[in-house]
């Protein structure tokens, strides 16, 4: 086996999902493939290998896994932890091994995030019997650990399991072991994850803040006290990922190119309008009734607001962005994107149709209004943790994902200014308010980051 | 409709099949799509258009048409001539019209190549009612016209129809009309087609040699006297193209990466070995029993020699070439390419397995042997027309496509030197001879082109 | 010479400049290369050819020609018309010929647009002595002809020359001849050019509106009556294209990634801020003092407003757009783009820095204001021809390019609403007004196209 | 600094040179850039960063470093170790630090491979003061360490320095530290390097075979006993890398497309013919006098045989390979590749020109000949180490690089069969023999790997 080993990371943007392909000797394994999976086949081919193994570290809840479609295209077997009753694939247990040339992958059961979670240790048998790396799924991240709140009836048990998995199984593999987790930095609103996508077990043992809770109970207490949000689409993902969906992106109908009139007609017949332009463009002009989610936020927030059974029509600056959005949505299980508005909003404007705007408000103006006790609602849609780290005085806090269900908390009689970390989530909130009959809606472009930069007085 | 019209030609290499996408006003039509058809969708999207119409100029016999798969992906309707009973799509008649923004496509029935052949005239209605271009399918090419031998019981009738179609319908559209045929230059062994892929009806009227037969009978006589070969795979194509195949290249299994031992095993279990390397590489070392077809010749010659129900394993210089070959074969309806030999022939050689060579013979040596009346067979596998234009003295002529069925004409008792135009077809022939027990096989690299360059004495 | 001829069109977006590469027999010629010219070398290589000839149809005034840099990279000779004293290259005369395999290019002197303008006829000598195509430079377009106003002291003489060139030399080549002009459709604000980029001399003879002026004097009168604008950067282009600039895009410094603070500092030290986002994004939030030119308008309008000796800093939605803009500017001779604002306007907003907005006004609101005689200025920045075809009542017309020099015509005491064809030029105008101290500035998104769609009452 | 850190490895194929770009906060550093360096600028732009620092771990001898051209394109400063008198850049010392957002790079002097060698430790200061990774240049590799034979007068001193650098400075950074060396696996004929490109200091400490020499003297003895070859081009590289070459790949003349006649003429006027096709293709047909180096071997072996002042003409299967070869050669400082033979060897053959072949010999035949004591020379061109691990009986060993100078050791009176590890180097040797008047030359395709697979009897 003289040729090179290869190991590549494939990122699903927005949710910062990390999958991996590793191979040697003409064989390759893919860990946690995304559903638009042609990329793995291309990498394998470039390395003169075929994909022979597909490994799932756990049943995912935040995206549709591509195992079955990749298996169809390659003939590879699918393996996952035995503690969950998947409708497809082969269950594996502690110590099961797979060989790829000189590489050996072996299964370590690491429950905690979910019951069936496994990690995969990697050895270069041509060199040594020591592990050289480990794929940890959602058990251990760089700078954080997996959430343990998915079994609401037994939070402590799950947190305890995670402790045992990390301290009893993963860290003992050795400080020198490379760490390959299933999520990485860049989740825009994530907390705690490092900005760095390279680390080792030793570096995490020493520096991962959560791992400084070295006593089991302290760790459990820490985890149980965490706050996590549970988007409604997780249920859909869990169902699909139990059954083993076979989503084939290449077989989807191509996007229709709607002129303004056709776009309006389709919309009147039920197509949901999703506007993925930047916050500034949305503020400048948008179509009443549309849902605004700037493109990069689509993976993280679409699942909160979009219905799986309703057609979707996209407004974007260009066709490429619309296709990217449809790919992001497809990864979340949405196969109902019908098309896009030709020439974007310019196509709409030049047709003579009506459009609105959402005025942007600078944080200095907000501070002034607060000081002058003007009558307006400052709606902060960040997470609980973010708000706890500092907020403008007098804000109403409703987490963005919960907004559609808590609109009655907001007065329609005075202006509402949507506020978040930077303005990106605020524009989503503003569009939801507009959809729901709020007339005086504004958006704070800059939001908390601008407050921090300017030293605005905050409450904690 | 202020935006640009677009018109792009998409070439299927090797068979030099030309398809087209044309559009305006957010709509596009594809003429004679190939089956790996994602490219049309991408072009349409880049132009802010959707594909709404698919037009087939005739039932094709030399490749699998992609109409149905493109229709599935886009929702576009399929149209073809009414004089054949297709199992799918909508029949159209003389004068039927389709609008794409300011563009108008209209049907002209132009039988001759086949009964149901149609041409499609293009008008820019925003500008004029004159036609600006015409898609002529296999009726009229640049420098040639379509073959009329597909109805063996009525060759004269078909040739006459073609005359009427060209002289009665196409040329009258006007000298100024752009010509967009379904085949172009580059068919390596084609005859008569220009090396140029741009022309007009006027240029052809004046300069196309076949069109200088301006009297109907003279034209008919000319066509009837032509010699054409009928590869066996045409039957398979005709069947698929009647039914409307839905080949989806993206859904094919990815290629397996065979090590030498696995490749040999699969071969022993029935997988046909197809070696697509260059004639020189094939001459230098090859595996006994394999079929040699240099990559660029695959589209034109694979259909003569490969069985549709047998697995295929590819030998190439690199993975990219193997994938290209599998795509070429797929366009001919072969979905049975299983994989490729890792590291190509080097992978085989270093495994210690046996290989052979085919000595290359320079034409000077051939001339010398002929003059000295050495005992050897000079096997010329070119077409009848090529041979009629000049041959080395004493050659045995068997057309390459007919070779497997005419092997008994060749003595096994003396050396056989395969000869063609350049050496590319000769190496195919040489590999067929080797497969069939000929021991003393050589290949003439350079072949007739070298003879011509050197002024070797030829017979006519 | 058995291999294929090739002919490809290379478009410079925005100015819709068309250049061509044509070749056969291992040789290729490029007609009117743009300065980012690696693309021609790649096309030639793909076709197994080297670039041996570079032909300029005339001294260009609207972009920097890439002849010298392409010549440096390929060793090809440069040829242009003899009636201008270029500092480089070789003058050619009527009838000079160049051979590329079977292709023959021959020079036709076609003055009118400029004195030294030439056209290049193409023949396929392997086929016929008839011309098959002609590169016409700025003499004859699809649906229009070249402007003849560049020699202000002799407008009639130039128009007459153009008549003679077209009617005396080009059209006589024959109806069947393919037409390859140096500009195509898509010039956003152009007038008269067809939306179609394929045509023939015959089609133009019959359908080109300007060519219906078949009497010389009528043609001259028509041309002399035309209105054309002369952007200031034409002078710079003419100078560079006389000398033969050697702009090498690959040698330019890469763009700096400015954080908000560094961007502001650089701006205070003299760097001009160019905001290339969409009109809606510019309306939603922009930095006071910046010049707004939406990306697709940069090639057509940057030359009116940007100084060649001042650094430029770009604001865009993403890095790719900034690089595209720097390429567009480079083609106009600007090599002074320093960098871009990291994270675009969000990077600015989250730094706490100030931003403004420009309210968008719907045309219905404009009509209402006009009817109700509200005090506001409706500033129409379209061309004279566009305005003559219809305008809203009471508008002030100043052509966009002239705006910086005619600001004194606009009252600062009442709101100004910028208006154009669609809103794209209006946002440029609005940004110029803001830069010059106008406080109450609005933009009409939709503008005249919306008026037309809605049937607003117009004056003619 | 909320955005992501990025770290990408850029490989120069063939010599398996590894360079890196790492960045955060809009800034990036490149470690040991190759000279075709546009790739770093593109990666930086994709990450919204600019390149601000260029670091050289040592003066390289096996390729031309791209520091100065990258510096010209970006404005970044260049830094290298102070123990060598570079003509450009800034010397740095132990402990010097550079900040890129939250990342800190710090200099560690690690002499041994060369005197001025430095390593660069990486810290994520937003997270911890512990190092997370280290760029080790040619001090420490994965599975091996750098060679220490470049100062022939003090081999022990250099080896001792390397011991001190590794054991005294690098390993103490901690087992958990990621290792980023300057060379990786895939050097076809390298020895000892792992097939894996990911490792940590801890994994190497435990498993790197050379590091098991934990006593200084034992380590020094081990290193001094090693055999290394010194290709002549290293001198040229050292000179260029002292001066700071500014090679700009994009400014090179594009390749000429030679027809057979022009290729032959240029060759007769002094152009060296370099044939980069596969060993099988070279065996099948080649041009007498040409130097054969299969494409993937060009980076490793061209520098032994090609003169810097002589033009080079390439023979390849396609244009893409010729361009790749010219890039490989450029990285070695050759800017004299003039062009390629159009249509490769087929173009030559069809011109009627002469060609030769080199018969391939299977190892079974070699064994038989040896056993039967046939008169022939079996020329083994592998390295001394390879030969020491096993050889066929009676072989003549001359290292490939030394072959041109040791030809007198080989008898011209009997057949010579070139032999190596797989056949790739053997074909190079065979072509050198042919160039030098050896008439009976063969090549062993399969060579030692085939012997090993078949269990041929070997001498040790």
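Chains as they are written, first to last, in my numbering: chain A, 65 to 524; chain B, 65 to 524; chain C, 65 to 524; chain D, 65 to 524. Think of the CB as a built atom: it goes at the ideal place given N, C-alpha and C, for glycine as much as any other residue.
Inset, instruction - May I ask which residues mark the beginning and end of the alpha helix (DSSP H) holding residue 367/B? - result: 362-369
Legend entry - When 486/D, 287/D, 130/D, 263/D are compared against residue 240/A, the one with the closest alpha-carbon: 263/D
Inset, instruction - Would you be able to state if there are at least three C-beta pairs under 8 Å between the stretch 128-139 of chain D and the stretch 97-113 of chain D? - result: yes
Legend entry - Option nearest residue 259/C by Cα separation, candidates 89/B, 492/B, 356/B: 89/B
Legend entry - Reference residue 557/C; option with closest CA among 380/C, 318/C, 274/C, 347/C: Residue coverage of chain C in this structure runs from 65 to 524, which leaves residue 557/C outside it and unanswerable.
Legend entry - alpha helix (DSSP H) runs contained entirely in the stretch 296-334 of chain A, provided each spans 4 or more residues: 297-307, 324-332
Inset, instruction - Report yes if the C-beta distance between residue 490/B and residue 445/B is below 8 Å; otherwise report no. - result: yes
Inset, instruction - Identify which residue in 199/A, 229/A, 206/A has its Cα closest to the Cα of residue 37/A. - result: Lying outside 65 to 524, the shown extent of chain A, residue 37/A is not represented and no answer is given.
Inset, instruction - Can you tell me which of the three DSSP states residue 71/C falls into? - result: strand
Legend entry - Within 7 Å of chain B by C-beta, residues of the stretch 132-155 of chain A in sequence order: 137, 138, 139
Inset, instruction - Would you verify that the beta carbon of residue 506/C is, or is not, closer than 8 Å to some beta carbon of chain A? - result: no
Legend entry - 6 Å Cβ shell around residue 521/D - same chain, five flanking residues per side excluded: none
Legend entry - Within-8 Å CB hit, residue 172/A to chain D: no
Inset, instruction - Count the other CB atoms, across all protein chains shown, that sit within 10 Å of the CB of residue 477/D; report buried if there are 16 or more and exposed otherwise. - result: exposed
Inset, instruction - Check whether the Cβ of residue 497/C lies closer than 8 Å to any Cβ atom in chain A. - result: no
Inset, instruction - Check residue 199/C in the structure and name its three-state DSSP category. - result: strand
Inset, instruction - Report all residues from its chain with a CB closer than 6 Å to the CB of residue 354/A; omit the five preceding and five following residues, and keep chain order. - result: 337, 339
Legend entry - Backbone secondary structure at residue 141/D - three-state DSSP: strand
Legend entry - Cβ neighbour criterion (16 or more within 10 Å) applied to residue 121/D: buried
Inset, instruction - Look at residue 242/C and residue 190/C and say whether their C-beta atoms are less than 8 Å apart. - result: no
Legend entry - Bridge-paired residues (DSSP) for residue 187/D: 168/D, 195/D
Inset, instruction - Tell me, please, whether the CB atom of residue 305/B is closer than 8 Å to any CB atom in chain C? - result: no
Inset, instruction - Name, please, each residue of chain C whose Cβ falls closer than 7 Å to the Cβ of residue 90/D. - result: 321, 323, 406
Inset, instruction - Label residue 391/A either buried or exposed according to how many other C-beta atoms from any shown protein chain fall within 10 Å of its C-beta, with 16 as the threshold for buried. - result: buried
Legend entry - Identity of the residue in 111/A, 417/A, 376/A nearest residue 401/A by Cα: 376/A
Legend entry - First through last residue of the alpha helix (DSSP H) which encompasses residue 155/B: Residue 155/B -> not in any alpha helix (DSSP H); beta strand (DSSP E) instead, spanning 154-156.
Inset, instruction - Quick one: list the residues of chain B neighbouring residue 518/D, beta-carbon separation under 8 Å, in chain order. - result: 416
Legend entry - Backbone CA spacing between residue 200/C and residue 244/C [nearest angstrom]: 6 Å
Legend entry - Within chain C, the residues that residue 385/B reaches when beta carbons sit closer than 8 Å: Neighbours of residue 385/B on chain C: none; closest Cβ ~16 Å, over 8 Å.
Inset, instruction - Could you give the DSSP three-state label for residue 421/D: helix, strand or coil? - result: coil
Inset, instruction - Would you tell me roughly how many angstroms separate the C-alpha atoms of residue 421/C and residue 473/A, rounded to the nearest one? - result: 30 Å
Legend entry - Cβ pair count under 8 Å reaching 3, the stretch 318-336 of chain D against the stretch 158-167 of chain D: no
Legend entry - Per-residue contacts from residue 489/C into chain B (C-beta, under 9 Å): The premise fails here: residue 489/C is roughly 14 Å from chain B at the closest Cβ pair, so nothing lies under 9 Å.
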